[in-house]
Amino acid sequence: MKNIISRLIDDFHERKLPELATRTKEFFEVKGKADVVIGMRRAGKTWFCYQKIKDLMASGIKKEEILYLNFEDDRLLEFNVNHFQGILDVYFGKYPEHRNARCYFFFDEIQRIHQWEMFIRRLLDTENLQIFITGSSSKLLGSEIATSLRGRSLPIEIFPFSFEEYLKFQGLFSDRPKTFGANTASLLRKAVKDYLEVGGFPEVQKPDRDLRIEILQGYIDSVLLKDIIERHKVSNILVLKHLVRHIMNSSGGQFSVNKFFNTMKSMSIKCTKNSLYEYLDHLTDAFLFYKVPIHSRSEKSRLINPAKIYTIDTGLLNAMTFRNSYKYGQLLETMVFMHLRRGG
């Protein structure tokens with residue numbers, strides 16, 4: 010395994026980083042704490058880390074003082090908790106002059122490795138390192154983190170491009186327009202329409218419609234397979250797929266587990282209400298959907314009334330439903346919700 014780690018470190022230090030779209034989010038970099046970047050697959054977590062690496066290098070940090078490992082690389086398929094020490098052995102074996110210097114370690118999708126948090130805690134306690142972690146699970150900061158790491162991490166949630174980031178990426182506006190004359194208003198109306206159609210995932214901004222839909226549908230398949238079916242050992246895949254399509258077809262509306270259960274029953278598809286609640290939890294954990302309970306001071310009222318469920322991206326909605334099945338108002342509501350969810 011050390012030979013593989015060595016090759017991955019060399020590959021990273023030799024290759025040129027891609028050209029990136031600047032995101033509005035920033036890292037915290039608090040000494041003794043790990044920055045934890047979370048968000049749906051393909052939303053831009055890795056590129057966000059690359060952006061930070063470029064910023065570090067621009068500030069004078071040598072690339073050799075930076076380590077980046079992606080734990081979803083197929084060469085690390087056999088990696089387990091017993092191999093973590095090998096990362097330090099290999100890295101400082103290559104660069105002994107950095108042993109007491111401030112270094113920057115990036116671990117992409119580290120959640121795949123069981124008991125990873127124990128290694129990170131040890132690094133924070135014993136090494137002069139700034140740690141950056143990415144993961145595709147909201148529980149990366151909750152139940153999946155052992156007591157040993159709680160209070161030692163700072164969350165950064167990455168979303169698909171906001172409308173403002175979309176405008177910058179498309180080269181329409183480098184900053185917020187200072188005036189709103191007829192020309193600006195016309196450009197913005199066209200941009201909103203295109204943004205609602207394409208969505209904000211970075212990879213699909215350039216391809217044509219057919220390729221974009223294929224890519225976005227692949228994102229859904231990846232979330233279902235890696236973040237739900239494999240991760241949570243889900244066996245009733247048919248019900249899971251029906252659930253995803255049902256929610257997307259009514260995204261922004263209220264969702265009732267009881268009604269969906271009855272729908273499955275009427276189709277002679279076997280499932281339990283408990284499993285449906287679990288699947289919904291897994292889907293929100295993977296950042297595909299966001300639940301918004303009814304506004305009430307009563308906890309009981311919030312629990313018994315159906316919550317609204319929004320899909321993370323309008324492009325996904327268009328890719329997974331029939332063309333023109335969504336009304337403009339529904340897509341716009343999703344866009345506004347995600348703007349608020351981002352903290353805008």
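Residue 10 is where the sequence shown starts when you use my numbering, and the numbers rise one by one after that. Glycine is no exception: its CB is placed at the ideal position from the N, C-alpha and C atoms.
- In the three-state reduction of the DSSP assignment, C58 falls in the helix class.
- Nearest in C-alpha terms to R221, of all of L76, Y204 and L233, is Y204.
- In this structure, I165 sits away from D83, with a CB-CB distance that is not shorter than 8 Å.
- Between F269 and L252, the CB-CB gap stays under 8 Å.
- Pairing F296 with I321, the inter-Cα distance amounts to about 7 Å.
- Counting every other CB atom within 10 Å of its CB across the protein chains shown gives D294 a total of 16 or more, marking it as buried.
- For a cut-off of 8 Å, the C-beta gap from D117 to N79 is around 4 Å, short enough to register as a contact.
- Judged by DSSP secondary structure, Y204 falls within the alpha helix (DSSP H) whose first and last residues are A191 to V207.
- Note on the stretch 16-73: whole beta strand (DSSP E) runs with a minimum of 3 residues are 43-47, in chain order.
- Per DSSP, A316 is one residue of the beta strand (DSSP E) stretching across A316 to T320.
- For Q139, there is no enclosing alpha helix (DSSP H); the enclosing beta strand (DSSP E) covers residues L138 to G144.
- Between A328 and Q179, the C-beta spacing is not below 8 Å.
- If one requires a minimum length of 4 residues, the alpha helix (DSSP H) runs lying completely within the stretch 227-282 are 246-258 and 266-275, in chain order.
- CA-to-CA, the gap between E35 and S277 works out to about 49 Å.
- Sequence-distant partners of G95 (beyond 5 residues in either direction) whose C-beta falls short of 7 Å from its own C-beta, in its chain, are M10, K11 and I14.
- About 28 Å separates the CB atoms of T343 and S275; that is not less than 8 Å, and the two are not in contact.
- For E81, there is no enclosing beta strand (DSSP E), as DSSP gives it neither H nor E.
- Secondary structure note for S310: its alpha helix (DSSP H) is the uninterrupted segment E308 to I313.
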